[in-house]
Amino acid sequence: MDIPRAAQDGFVTILEQPALRIVLLSFLTPRALLLLSRTSSKVREHVLAYMKNAFDINRTLRRFLPDPIEFRCLQARTGTLVSGQVALQFFDRSNYFLPCLDIYVHPMYRREIGEWLLRQGFTFFPGPGQHQSFSSAVLRRQRPAHCKQYPGVLNIFTFYRQIRGVPVQVHIVVALRTPIEVILGFHATCMMNVISYNKAYCLFPYATLEEHISFHCAAPSQPAPSQPAWVSAVPPTFTLVDMPRYDPLPTSRRHRLYPHAPRWLGDSHTWTVPLDMRQILPPIQPNPYCPLRTQDPVGLSGFSLQYNTINRSILVQFSVITSAALHLPFAVGDKDMANHLAHVLQEKATREEYEVTFCGLEDWT
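Just so you know, the UniProt record's numbering puts 145 at position 145 of the sequence shown, and the rest follows in order with no gaps.
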């Protein structure tokens with residue numbers, strides 16, 4: 001059905017008013033926003049203006065950190081990620097009060113991130129079995145008992161501070177190997193959202209943002225994920241769904257909700273939001289011979305999905321690739337590719353070690 005030109009012009013006139021535009025477009029889902037933006041060039045211009053304001057990561061972080069720009073520069077340098085409820089609220093454009101920011105860090109950078117928070121006026125609050133001083137607590141290599149219930153977590157450090165009179169806390173979640181393995185180990189798909197220094201990724205956008213449902217995720221050896229510790233982390237506006245014993249969903253809808261194709265961050269099933277990069281310093285080159293890195297390595301992370309009939313849940317599968325030839329580990333979803341990469345990187349690391357060890361010895365003969 002053709003829409004009269006007068007109606008189109010009237011709608012554009014409404015969108016030209018910033019206050020009305022925000023109110024009107026805030027009721028639309030992300031998919032509806034993208035479809036609306038395709039109707040005309042003028043509408044697209046106003047939708048993009050709304051999205052730029054709605055997905056302002058600096059405004060989101062400013063509720064917890066006094067200097068979000070400096071934090072994002074730190075993210076770029078260390079590969080630190082933001083996830084949890086803050087990332088979900090960022091994508092969902094909701095405004096309920098959140099007292100806590102969860103940041104996920106590589107183990108080698110846990111001291112640097114913690115010391116940065118201390119310089120920003122935060123106070124370290126030791127958890128069970130942790131030393132009263134962060135400088136001492138961060139040296140502990142043993143995995144605390146309370147962290148063993150969280151897949152991929154080495155340790156958790158908690159910091160407190162007041163931001164504009166409101167008490168907030170920041171959790172540094174230290175990964176055993178890489179932050180993405182912790183996020184992919186979450187027990188609910190609606191929480192699998194990642195914010196790096198330059199992009200934000202929603203891994204299950206159709207289920208999370210369009211239908212507001214969340215599927216259980218569990219490994220075959222784990223019990224059905226119904227512990228209050230993670231259920232309470234899912235906002236009440238989301239419906240927690242047990243997968244049926246026999247999947248009755250039509251193939252097209254099932255593919256949108258939980259695609260069984262090989263996945264990676266930034267693929268066609270992910271909703272990727274580019275972030276405002278003004279004032280953000282690019283990552284430092286590991287050495288002068290490496291090309292300048294313009295993207296966060298987390299965008300290379302892959303995983304695969306399998307329907308777990310035992311626990312009526314989704315099984316998220318991946319392998320973490322670590323090597324002396326890599327600056328930071330990353331996740332791969334395909335087993336054959338993971339084995340191939342591990343072999344190639346091992347050969348490269350061995351060759352580089354040999355060259356360093358015996359470099360220049362021929363001059364002595």
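A virtual CB, placed ideally from N, CA and C, is assigned to each residue, including glycine.
In the DSSP assignment, the residues bridged to Y160 are T123 and Q169. The continuous stretches of alpha helix (DSSP H) do not include A200, which lies in the beta strand (DSSP E) extending over residues K199 to C202. Out of P18, R63 and Q89, the CA that lies nearest to the CA of V170 is found in R63. Fewer than three pairs of CB atoms, one per stretch, sit closer than 8 Å, so the stretch 141 to 158 makes no contact with the stretch 276 to 286.
A distance below 8 Å separates the beta carbons of H187 and A218. DSSP places N95 outside both helix and strand once states are collapsed to three, so it counts as coil. Straight through space, the alpha carbons of D56 and G79 are spaced by roughly 20 Å. DSSP places T78 inside the alpha helix (DSSP H), whose first and last residues are P68 to T78. Classified as exposed, K335 has fewer than 16 neighbouring CB atoms from the shown chains inside 10 Å of its CB. In this structure, A331 sits near S319, with a CB-CB distance shorter than 8 Å. Within the same chain, I180, W264, L265, F330 and A331 come within 7 Å of S301 by CB-CB distance, once the 5 residues on both sides are set aside. Cβ contact annotation for S304 (same chain, cutoff 6 Å, sequence separation greater than five): P262, Q317 and G333, in chain order. In terms of Cβ geometry, L15 and R21 form a close pair [threshold 8 Å]. The way I'd put it, the stretch 155 to 162 doesn't touch the stretch 194 to 213; fewer than three beta-carbon pairs between them come closer than 8 Å.
Here DSSP, grouped into helix, strand and coil, assigns R31 to helix.
Counting of Cβ neighbours within 10 angstroms places V105 among the buried residues, the total reaching 16 or more. When secondary structure is reduced to three states using DSSP, F90 falls in the helix class.
Residue environment: S133 is assigned as exposed (fewer than 16 neighbouring CB atoms within 10 Å of its CB, all protein chains considered).
Non-local beta-carbon contacts of G299 in its own chain, meaning distances under 6 Å to residues more than five positions away in sequence, involve L265 and G266 in chain order.
In summary, C290 is exposed, with fewer than 16 beta-carbon neighbours lying within 10 Å of its beta-carbon over all protein chains present. Leaving aside the five residues that flank P107 on each side, the residues in its chain whose CB is nearer than 8 Å to its CB run, in chain order, L154, V174, A175, L176 and R177. T237 is the residue among T237, L74, Q346 and N308 whose C-alpha sits nearest the C-alpha of Y96. In the structure shown, the three-state DSSP call for S135 is helix. Shown here, A145 sits in a helix according to DSSP, grouped into three states. If you ignore the 5 residues before and after L281, its C-beta comes within less than 6 Å of the C-beta of C73, all in its own chain and listed in chain order.
N308 is classed as buried because its beta carbon has at least 16 other beta carbons within 10 Å across all chains shown. The beta carbons of V47 and L24 sit about 11 Å from each other, so the pair does not count as a contact at 8 Å. The Cβ atoms of F124 and L118 sit closer than 8 Å to each other. When DSSP reads this structure, R263 sits in a beta bridge with F303. When V241, H343, T60 and Y201 are compared, the shortest CA-CA separation from C100 is found for T60. For F90, the closest C-alpha among the options M337, I310, H216 and K199 is that of K199. Membership of A324 in any beta strand (DSSP E) is not indicated, and neither H nor E is assigned to it by DSSP. In the three-state DSSP reduction, F215 falls in the strand class (E or B).
Collapsing the DSSP output to three states places Q317 in a strand. In terms of Cα proximity to L98, the closest of R110, S83, F11 and Y109 is S83. Sequence-distant partners of P128 (beyond 5 residues in either direction) whose C-beta falls short of 7 Å from its own C-beta, in its chain, are P144 and H146.
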